[in-house]
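Taking our numbering, the leading residue of the sequence shown gets 8, the next gets one more, and so forth. Written below as structure tokens is the structure these notes are about.
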Amino acid sequence: MSASSRSARPPLTQLPAWQALEAHFGEVRDTHLRDLFASDPNRGERLTAEGAGLYLDYSKNRVTDETLRLLLALAREAGVEERRDAMFAGERINVTENRAVLHTALRAPRGATVNVDGENVVPGVQEVLDRMSAFAEQVRNRTWLGATGKPIRNVVNIGIGGSDLGPVMAYEALKHYADRGLTVRFVSNVDGTDLVEKTRDLDPQETLFIVSSKTFTTQETMANARSARAWLLAGLGNADEGTAIARHFVAVSTNAAEVEKFGIDTANMFGFRDWVGGRYSVDSAIGLSLMVAIGPEGFRDFLAGFHEMDEHFRSTPLEQNLPVLLGVLGVWYRNFFGAQTHAVLPYDQYLAYFPAYLQQLDMESNGKHVTLDGQAVDYDTGPVVWGQPGTNGQHAFYQLIHQGTTLIPCDFLGFCQTLNPLPPHHDLLMANVFAQTEALAFGKTEEQVLAEGVAADLAPHREFEGNRPTNTILADRLTPRTLGALIALYEHKVFVQGAIWNINSFDQWGVELGKVLAGKIVPELQAEGEPKLAHDSSTNALIRRYRARRG
Ligand code: F6P
8 MSASSRSARP PLTQLPAWQA LEAHFGEVRD THLRDLFASD PNRGERLTAE GAGLYLDYSK
68 NRVTDETLRL LLALAREAGV EERRDAMFAG ERINVTENRA VLHTALRAPR GATVNVDGEN
128 VVPGVQEVLD RMSAFAEQVR NRTWLGATGK PIRNVVNIGI GGSDLGPVMA YEALKHYADR
188 GLTVRFVSNV DGTDLVEKTR DLDPQETLFI VSSKTFTTQE TMANARSARA WLLAGLGNAD
248 EGTAIARHFV AVSTNAAEVE KFGIDTANMF GFRDWVGGRY SVDSAIGLSL MVAIGPEGFR
308 DFLAGFHEMD EHFRSTPLEQ NLPVLLGVLG VWYRNFFGAQ THAVLPYDQY LAYFPAYLQQ
368 LDMESNGKHV TLDGQAVDYD TGPVVWGQPG TNGQHAFYQL IHQGTTLIPC DFLGFCQTLN
428 PLPPHHDLLM ANVFAQTEAL AFGKTEEQVL AEGVAADLAP HREFEGNRPT NTILADRLTP
488 RTLGALIALY EHKVFVQGAI WNINSFDQWG VELGKVLAGK IVPELQAEGE PKLAHDSSTN
548 ALIRRYRARR G
């Protein structure tokens with residue numbers, strides 16, 4: 008994207024649709040969902056959309072037809088479609104890093120063409136997928152042997168951020184399809200406890216480490232990889248170091264030089280390119296641990312689900328376009344109602360890590376305060392994203408969503424079929440999805456409470472205001488394909504919002520300062536004598552106290 012096309016757009020708050028939405032908000036802000044449903048008996052069927060196996064009911068949102076018309080006009084005026092097409096076409100829309108953004112090429116079919124600077128990148132993607140498949144099959148059929156001749160039975164992914172959250176989330180989500188004879192674990196935290204606890208019951212002779220890092224320089228990952236190497240060599244006794252590393256370590260990275268420096272043969276490296284952002288990389292070689300667990304065919308199904316949603320996003324009119332609808336509804340609450348957070352509530356135990364995964368996807372992408380041109384925004388950008396699986400959350404934080412003083416839009420995710428039929432569990436689970444969204448939307452009036460015989464002085468405590476917005480996303484069954492579609496749905500929702508806010512959703516400079524400062528502090532903690540500390544008085548005192556008391 009050129010500098011001129013970057014600045015071609017008027018500021019967001021000066022777009023006609025934005026200004027119309029401001030006026031419109033004043034008219035509808037107090038309209039209750041009870042009235043919206045009462046005046047339109049078909050609302051619950053009309054305000055729905057479907058794509059890539061996902062059904063979205065967005066009728067329980069505080070919107071009228073006019074609101075939706077204006078929100079979609081905003082998306083058009085903000086250039087969402089042009090920006091989307093530029094992304095798919097391989098333009099360098101990540102302007103602060105001068106990179107294309109092409110996670111969509113990772114799931115393009117084998118024969119597709121996606122050009123970056125004149126090169127069709129699809130054959131390269133497919134070549135890596137084929138090499139990953141051959142490797143995964145060897146581990147799965149137990150012909151990948153460790154240095155002492157024993158087959159590998161334990162696979163430990165070492166990575167952090169996008170090199171961990173995607174693989175661990177997707178592995179947990181698709182465990183039902185995994186080879187249960189393999190133990191698959193994920194080490195991310197630089198806290199040594201993570202590595203120690205995840206390896207304590209593993210036999211080094213049967214353990215393979217996948218070191219996953221786009222840069223292969225990330226402090227946490229490299230520290231864990233070095234300690235894993237030491238653990239392995241100690242556990243293998245007098246095995247030849249070169250053979251041990253070759254049989255027990257593989258790498259996933261864009262940085263062949265650093266992989267070699269670590270001692271991993273680049274024959275055992277699976278690559279990807281700089282146009283894959285860390286938080287968009289679970290469908291690249293970063294998904295190797297997942298592929299080992301669910302098999303190459305399952306992984307291809309996973310990619311097919313992403314691709315189906317990509318095509319939906321690319322070609323469906325905005326009015327029926329799932330990521331666009333979720334995106335503009337989020338903008339409505341964030342920028343007009345002032346909602347600060349957004350909850351994602353999967354009613355499926357396998358999706359326990361999905362909210363954590365979305366936190367990085369959304370907050371690292373849209374936690375930005377300047378436009379593409381570097382101007383400070385005068386509107387809010389990304390919300391705090393959070394959540395945990397239902398029904399557990401109901402007994403923890405839902406009270407505040409129902410009766411607190413802050414508006415929290417929620418996405419409820421559920422499946423019509425369970426992977427673990429154990430009557431009546433699934434009906435109980437899904438009854439809660441429907442009950443929660445009904446209660447949040449319609450509440451319970453004081454008259455209803457009094458009619459139930461509640462004493463007048465208790466009635467205010469028992470009244471539910473309602474009018475709390477929710478989306479419900481239903482799929483038939485949690486499969487690799489459905490999960491791929493679900494992830495792509497949120498990737499593109501984040502994209503739509505970033506495009507409207509005119510920010511760069513694909514860099515993450517905000518995590519740099521802390522990394523740099525930690526790099527300076529490490530030698531101060533490890534220095535022999537009293538180090539010369541030149542921080543603020545708080546940081547100096549904390550470092551001194553730590554040094555004095557760490558034992
Ligand atoms: O947290 C910053 C970040 O750069 C993420 O964007 C990325 O997913 C993570 O660190 C890990 O980076 P790498 O894959 O290079 O180790």
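Virtual Cβ for every residue (Gly too), placed ideally from N, Cα, C. Quick caveat, the model's predicted, so the values are computed rather than measured.
If we ignore side chains and look at the alpha-carbon of each, how far apart do residue i and residue j end up?
i: isoleucine 408; j: glycine 294; result: 35 Å
i: arginine 280; j: leucine 172; result: 19 Å
i: glutamine 356; j: phenylalanine 441; result: 17 Å
i: histidine 433; j: proline 324; result: 34 Å
i: leucine 549; j: threonine 224; result: 27 Å
i: serine 219; j: tryptophan 393; result: 25 Å
i: arginine 69; j: phenylalanine 422; result: 25 Å
i: leucine 81; j: glutamine 21; result: 11 Å
i: glycine 302; j: glutamate 445; result: 40 Å
i: leucine 54; j: leucine 78; result: 14 Å
i: asparagine 164; j: glutamate 84; result: 43 Å
i: glutamate 459; j: leucine 465; result: 12 Å
i: glycine 400; j: proline 390; result: 19 Å
i: valine 259; j: glutamate 535; result: 36 Å
i: tyrosine 184; j: phenylalanine 142; result: 18 Å
i: serine 11; j: tyrosine 287; result: The predicted position of serine 11 is uncertain, since its pLDDT is 41 and thus under 50; no value can be drawn from it.
i: glutamate 104; j: proline 116; result: 27 Å
i: glycine 156; j: threonine 150; result: 10 Å
i: valine 518; j: valine 128; result: 29 Å
i: valine 35; j: glutamine 424; result: 37 Å
i: asparagine 122; j: threonine 261; result: 19 Å
i: serine 545; j: lysine 539; result: 15 Å
i: aspartate 201; j: threonine 348; result: 29 Å
Taking residue i as part of the alpha helix (DSSP H), name the residues at either end of that continuous run.
i: threonine 7; result: No statement about residue 7 is possible, as the shown extent of the chain runs from 8 to 558 and does not include it.
i: aspartate 137; result: 129-147
i: histidine 409; result: 405-410
i: alanine 300; result: 295-322
i: serine 234; result: 226-242
i: glycine 334; result: 329-338
i: glycine 491; result: 487-508
i: glutamate 73; result: 72-84
i: tyrosine 553; result: 544-556
Should residue i and residue j be called a contact, given that it needs their Cβ atoms to be closer than 8 Å?
i: serine 170; j: lysine 205; result: no
i: methionine 504; j: valine 351; result: Reading off the sequence, residue 504 comes out as glutamine, not methionine. No, the Cβ-Cβ distance between glutamine 504 and valine 351 is not below 8 Å.
i: valine 197; j: asparagine 231; result: yes
i: phenylalanine 309; j: arginine 488; result: yes
i: threonine 477; j: phenylalanine 419; result: yes
i: alanine 1; j: arginine 90; result: Examination of residue 1 is not possible in this model, given that the chain is present from 8 through 558 alone.
i: serine 296; j: valine 162; result: yes
i: glutamate 472; j: valine 456; result: no
i: methionine 139; j: phenylalanine 277; result: yes
i: arginine 147; j: valine 299; result: yes
i: alanine 154; j: histidine 319; result: no
i: arginine 398; j: leucine 429; result: Strictly speaking, residue 398 in this sequence is threonine, with arginine absent from that position. Cβ distance not < 8 Å, so threonine 398 and leucine 429 don't count as in contact.
i: tryptophan 559; j: leucine 63; result: Outside the modelled stretch of the chain, which goes from 8 to 558, sits residue 559, for which no answer is possible.
i: serine 66; j: arginine 76; result: no
i: isoleucine 510; j: asparagine 342; result: no
i: arginine 484; j: leucine 447; result: no
i: proline 353; j: proline 416; result: no
i: glutamine 367; j: glycine 97; result: no
i: alanine 180; j: leucine 490; result: yes
i: leucine 61; j: isoleucine 480; result: yes
Starting from residue i, follow the beta strand (DSSP E) in both directions and report where the run begins and ends.
i: proline 353; result: 348-353
i: tryptophan 393; result: 391-393
i: alanine 466; result: Run containing alanine 466: none in the beta strand (DSSP E); it sits in the alpha helix (DSSP H), 466-469.
i: threonine 479; result: 477-482
i: glycine 381; result: Looking at the DSSP string, glycine 381 is not in any beta strand (DSSP E), and its letter there is neither H nor E.
i: phenylalanine 216; result: 214-219
i: glycine 278; result: 276-278
Quiz prompt | Whole runs of the beta strand (DSSP E) within the stretch 33-62, excluding any shorter than 3 residues | solution = 55-58
Quiz item: Along the chain, which unbroken stretches of the beta strand (DSSP E) at least 3 residues long are found entirely within the stretch 159-194?
Solution: 161-165, 190-194
Practice problem: Could you tell me which uninterrupted beta strand (DSSP E) segments, each at least 3 residues in length, are contained entirely in the stretch 418-465, listed from first to last along the chain? | Solution: none
Practice problem: Any chance you could list the beta strand (DSSP E) runs of at least 3 consecutive residues sitting entirely within the stretch 245-271, in chain order? | Solution: 256-260
Quiz item: Which residue spans inside the stretch 90-134 form an unbroken beta strand (DSSP E) run of at least 3?
Solution: none
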